[in-house]
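Novice:
Chains as they are written, first to last, in my numbering: chain A, 19 to 640; chain B, 97 to 281.
1. Any heavy atom of the ligand SAH closer than 6 Å to the beta-carbon of residue 197/B?
2. Please state if the CB of residue 603/A and the CB of residue 612/A are separated by a distance shorter than 7 Å.
3. Tell me whether the segment 107–115 of chain A and the segment 33–51 of chain A touch, counting them as touching only if at least three CB pairs, one residue from each stretch, are closer than 8 Å.
4. Mind pulling the chain A residues with CB within less than 9 Å of residue 194/B?
5. Kindly confirm or deny that the segment 170–182 of chain A and the segment 141–159 of chain A touch, where touching means at least three C-beta pairs closer than 8 Å.
6. Grouping DSSP H, G and I as helix and E and B as strand, with all else coil, what is residue 343/A?
7. Kindly indicate if chain B contains any beta-carbon less than 7 Å away from that of residue 94/A.
8. Could you please give me the residues that DSSP links to residue 536/A through a beta bridge?
9. What runs of the alpha helix (DSSP H), each 4 residues or longer, lie entirely inside the segment 271–336 of chain A?
10. Judging by CA-CA distance, which residue of 142/B, 139/B and 185/B is the nearest neighbour of residue 99/B?
11. Taking the alpha-carbon positions, what's the residue 640/A to residue 583/A distance?
12. Please classify residue 116/A as buried or exposed, where buried requires at least 16 other C-beta atoms within 10 Å of its C-beta.
13. Below 8 Å, can you find three or more Cβ-Cβ pairs linking the segment 73–87 of chain A to the segment 29–36 of chain A?
14. Locate the alpha helix (DSSP H) running through residue 392/A, then write down its first and last residues.
15. Along chain A, in chain order, which residues have C-beta atoms closer than 7 Å to that of residue 210/B?
16. If distances are taken between C-alpha atoms only, which option among 298/A, 579/A, 600/A and 194/A comes closest to residue 28/A?
17. For residue 366/A, which residues in chain B fall below 7 Å Cβ to Cβ?
18. Locate the beta strand (DSSP E) running through residue 212/B, then write down its first and last residues.
19. Just list the residues that DSSP pairs residue 102/B with in beta bridges.
20. Which ranges would you report for the alpha helix (DSSP H) in the segment 183–238 of chain A if only whole runs of at least 4 residues count?
21. If distances are taken between C-alpha atoms only, which option among 627/A, 553/A, 537/A and 542/A comes closest to residue 581/A?
22. Is the CB of residue 352/A under 7 Å away from at least one CB in chain B?
23. Determine whether the Cβ of residue 143/B lies closer than 7 Å to any Cβ atom of chain A.
24. Would residue 248/B pass as an interface residue toward chain A - the criterion being a Cβ-Cβ separation below 7 Å?
25. Just to confirm the assignment, what range does the alpha helix (DSSP H) spanning residue 251/B have?
26. Tell me which same chain residues have a C-beta within less than 6 Å of the C-beta of residue 567/A, skipping the five on either side of it?
27. With C-beta atoms as the reference, is residue 161/A less than 7 Å away from residue 31/A?
28. In the structure shown, what three-state DSSP assignment does residue 97/A receive?
29. Do residue 203/B and residue 370/A come within 7 Å of each other at the CB atom, strictly closer than that value?
30. Any idea what DSSP makes of residue 232/B, helix, strand or coil?
31. Within a Cβ cutoff of 8 Å, which residues of the same chain sit near residue 267/B, ignoring the five residues on either side of it in sequence?
32. So for residue 506/A, helix, strand or coil by DSSP?
33. Take residue 273/B and list the residues in its own chain whose beta-carbon comes closer than 7 Å to its own, dropping the five residues that flank it on each side.
34. Got a sec: is the Cβ-Cβ distance from residue 69/A to anything in chain B below 7 Å?
35. Between residue 186/A and residue 124/A, which are expected to be in contact by the criterion C-beta below 8 Å, what is the C-beta distance as a whole number of angstroms?
36. Is it buried or exposed, residue 72/A, if we count other Cβ atoms within 10 angstroms and call 16 or more buried?
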């Protein structure tokens, strides 16, 4: 008996993968894609499949897992966020022109609006770059359905196939049908193949490229003729005053906006397979309308595949903004403007804005959790060397920008190599570094892309201190395992683990100290010794500041409750600007800080954060 | 019916929309909604859109929500614009003076918005040993107590009981009843 469950788009994609007979699924977590792989494990348990579900150390690893499983004729899948595809670009481009064996899907979640991303990318543009097919779902139900078709296409054309949801589709919640059947797995088969298959080398490209380009045009024809369920028209009632071509979430928003506006004089063409673009369908639609608006997120991927854009209102001529999400409000205003009926701002918006100004509504940015071990870690680094150059990385600890602690933050693993680059800049001046150089990254990020940078720094003798903020988990994305901690998603499966200290020593690091960051003065001492070593020996030193992620603790830590002594607090705000804990509040009336019991977890670490010793343990007063 | 639920990461907003979805699904109503996950959950602003009825997109446009549940007063101020004319808001209020600000009151009058305010944190301090985690069910109780939305007290209470982890079920129901009592006429 099939049933409907309310589920996230990510859970729907996962359900589709298991039902469609995916036997090997791999990922590295990253918002908004992180929930997919755990959901694959969940549905695989429910449906009783043997699906192998594993985190790779990074996205390149995950995609290569999927490629290997496809070579062995299994249906496979690699899952990542858009920034992750940058890490996986090498296998992605290398495998694009190849002929695959088992169906292989690349699920890559883009994030218009950059809620949890440092880049704005449209992975459909990379599908076009690689000349592979791409599906662009408008909601959770369609995302699940597309998984089955993507596997069909992948096997029919023997091509890596992309499913590209955007964050709003990943995190939409909708009733989705749970089928009870599973497409049976294929028996493993690894036949030896002629040159040009699986062996990707310069001499095998001749023939492969021609085949690849031919395949792309065949896909375009098939998308234009056999995919009416994803590419279809919603006609106007009577003559259309405007045509709209919309992809993904934009299609769903346009439907609701037109309904809310009560417009029936707009014709809509939905495109669910934007790469390769079914040109005949699209050109025919454009030909039948005086002007056509194109709404897609976030790059003009459909728009730029058109041969003639003279009738098109899109990004090329400024009708559609180049930045940020196409929200219902933005789409409403674009449509009204295109219809020649721009709407004035309603008066109440100005009133509300005035109220917000009068009440001084500020931005509420994300912050490290109360009790997080990263917070005292950064306090200690800045206490040891207020003037140091601190290169951080991608993870929760990037939030330490709110502690005035971080100077650079580029990409996964970039802390180590940017610190190296700064050390090289000092070297280019012909004198030792006049400021201490620190790099900070987490345990999961260390295994993701930290190791090559550390090995290179040892090789080139770069003087800096690498601080590994080891909280024993991939924290920012919700607590996934990684090579340093082990843990697998299918119940009962065994995992191994890599000792971080061993890995650091194996890279050739001679100065390595492990320290508890809750002990701030101890950390300051250890960090100073490490920099002294790095500076004098001219090589990287490593400090591991190890404290378990507060969100992963089974039992609360021993409480060490504190209070602010109002007689000692001078209102200097140092604890707010350099410690920045949600558990410390600011009282506008007294101009002093106080402990906000709504958030404080009584870790007691802030006692070290006050330069006036105004934060005191309550237990010591009695 | 379109709901906006807003608050701060860690306040259990996603659980609140899960409860709404659970009831709607049980009644066979079509639902679609949108959540923000990831970095925003680290103590940042969190907003959840939830629509019951014949809709295609998970997002609610500015000026279009029927009901607004605000777990935090400044997140309320950040998101009032979602409410339609004549919409209703259930708000956890810590600073009544801010809610009484004349320009804000002007806005409520202009848009004919009905406010249902309660001191959720005060109630939790007094009756639930300061366990602020139960604010979400308290707000759901208040929603029913105020007689707003499409769900009865019984069906909401049952859904809270079914979805809460077993060891917190009693406290969740207590929080729900506390919220209901605060706004029931």
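Just so you know, even glycine gets a beta-carbon here, dropped at the ideal spot from N, CA and C.
Specialist: On the basis of the supplied data:
1. Absence of the ligand SAH is noted for the structure shown, with no ligands found whatsoever.
2. Along the first chain, read from residue 1 onward, the residue named residue 612/A stands at position 594. Along the first chain, read from residue 1 onward, the residue named residue 603/A stands at position 585. Yes, these two residues count as a Cβ contact at 7 Å.
3. no
4. Start at 1 with the first residue of the second chain, and residue 194/B comes out as number 98. Ordered by position in chain A, the residues that pass the 9 Å Cβ test against residue 194/B are 377.
5. yes
6. Within the first chain, residue 343/A is the residue found at index 325, counting from 1. Coil, per DSSP.
7. Here residue 94/A corresponds to residue number 76 of the first chain, with the count starting at 1. False, the Cβ-Cβ gap to chain B never drops below 7 Å.
8. For the purposes of this step, residue 536/A is taken as residue 518 along the first chain, with counting starting at 1. Its beta-bridge partners do not exist; DSSP assigns none.
9. Positions of the alpha helix (DSSP H) runs, each at least 4 residues long and wholly inside the segment 271–336 of chain A, are given as 297–305 and 319–323 in order along the chain.
10. Taking the second chain and counting its residues from 1, the one referred to as residue 99/B is at position 3. Selected option, being the one with the closest Cα: 185/B.
11. Looking up residue 640/A in the first chain gives position 622. Looking up residue 583/A in the first chain gives position 565. With a pLDDT of only 41 at residue 640/A, under 50, the local geometry of the prediction cannot be trusted, and no value is derived from it.
12. Residue numbering aside, residue 116/A sits at position 98 when the first chain is read from its first letter. Residue 116/A should be labelled buried.
13. Remark: fewer than three beta-carbon pairs, one from each stretch, lie closer than 8 Å, so the segment 73–87 of chain A and the segment 29–36 of chain A are not flagged as touching.
14. Position 374 of the first chain, counting from 1, holds the residue named residue 392/A. From DSSP, the alpha helix (DSSP H) with residue 392/A extends over 392–402.
15. The residue labelled residue 210/B in the question sits at position 114 within the second chain. Going along chain A, no residue has its Cβ under 7 Å from residue 210/B, so there is no contact; the nearest lies around 15 Å.
16. Numbered from its first residue, the first chain carries residue 28/A at position 10. Considering only alpha carbons, the answer is 194/A.
17. On the first chain, residue 366/A is found 348 positions in, with the first residue counted as 1. Neighbours of residue 366/A on chain B, chain order: 203, 206 and 207.
18. Residue 212/B sits at position 116 when you count from the first residue of the second chain. 210–214 is the span of the beta strand (DSSP E), which, as asked, contains residue 212/B.
19. On the second chain, position 6 is the one that residue 102/B refers to. Bridge partners of residue 102/B: 143/B and 166/B.
20. If you keep only unbroken alpha helix (DSSP H) runs of at least 4 residues inside the segment 183–238 of chain A, you get 185–188.
21. For the purposes of this step, residue 581/A is taken as the residue at position 563 of the first chain. A check of alpha carbon separations from residue 581/A across 627/A, 553/A, 537/A and 542/A identifies 627/A as the nearest.
22. If you number the first chain from 1, residue 352/A lands on position 334. Cβ-Cβ to chain B under 7 Å: no for residue 352/A.
23. Position 47 of the second chain, counting from 1, holds the residue named residue 143/B. Taking Cβ atoms only, chain A never reaches closer than 7 Å to residue 143/B, which makes this a no.
24. Position 152 of the second chain holds residue 248/B. False, the Cβ-Cβ gap to chain A never drops below 7 Å.
25. Locating residue 251/B in the second chain gives position 155, where the first residue counts as 1. From DSSP, the alpha helix (DSSP H) with residue 251/B extends over 249–259.
26. Translated into the one-based positions of the first chain, residue 567/A becomes position 549. Taken in chain order, the residues that qualify are 489, 491 and 493.
27. As a working note, residue 161/A is residue 143 in the first chain. As a working note, residue 31/A is residue 13 in the first chain. In this structure, residue 31/A lies closer than 7 Å to residue 161/A by Cβ.
28. Here residue 97/A refers to the residue found at position 79 of the first chain. Correct three-state label for residue 97/A: strand.
29. Counted from its first residue, the first chain places residue 370/A at position 352. Counted from its first residue, the second chain places residue 203/B at position 107. The answer is yes: Cβ separation under 7 Å.
30. Counted from its first residue, the second chain places residue 232/B at position 136. Of the three classes helix, strand and coil, the one that applies to residue 232/B here is helix, per DSSP.
31. What you label residue 267/B is simply residue 171 of the second chain in a count that begins at 1. For residue 267/B, where only same-chain residues beyond five positions count, the Cβ hits under 8 Å are 224, 227 and 230.
32. In the first chain, the residue the question calls residue 506/A occupies position 488. DSSP places residue 506/A in coil when its eight states are reduced to three.
33. Taking the second chain and counting its residues from 1, one reaches residue 273/B at position 177. Excluding positions up to five away in sequence, the list reads 237.
34. On the first chain, position 51 is the one that residue 69/A refers to. No, residue 69/A does not count as interfacial toward chain B.
35. In the first chain, counting from the first residue as 1, residue 186/A sits at position 168. In the first chain, counting from the first residue as 1, residue 124/A sits at position 106. The pair is not a contact, with the Cβ atoms about 20 Å apart (cut-off 8 Å).
36. The count along the first chain starts at 1 and reaches residue 72/A at position 54. It counts as buried.
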